[in-house]
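Here the sequence shown is numbered in my numbering, starting from 183 and rising by one per residue.
Note that the Cβ used here is the ideal one computed from N, Cα and C, for glycine as well.
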Amino acid sequence: MIANPATILTFTAVIVGLNLVPDLASPSDGALFIVGVFAGSGLWWLVLSTAGGTLGGRLPPAALIWTRRIAGGVLIAFGLYALLW
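Encoded structure:
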């Protein structure tokens with residue numbers, strides 16, 4: 183989460199693309215933004231891991247197998263897409 187290149191590049195692109203950084207921004211504004219991004223990302227992973235742990239324990243084994251197969255297929259498809267384009 184801390185050094186995820188996708189998160190860093192996404193926030194960089196959004197900030198620069200929308201011109202969200204004023205010329206007179208102070209270092210404390212930048213630090214506050216970094217803390218906010220870190221806190222938001224951490225909260226998102228907390229929600230995802232809690233939901234996954236809670237729901238994963240309630241699914242029958244057959245549903246878990248198919249969920250893992252579908253998720254694996256999606257990851258493979260995205261990987262192939264990234265390699266080919």
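Residue 241 sits in coil when the DSSP states are folded into three classes, being neither helix nor strand. Counting only the Cα atoms, residue 250 lies some 20 Å from residue 229. In this structure, DSSP gives residue 227 a helical state, which the three-state scheme calls helix. Of the candidates 194, 231, 247, the residue whose Cα lies closest to the Cα of residue 215 is 194. Straight-line spacing of the CA atoms in residue 246 and residue 263 works out to 26 Å.
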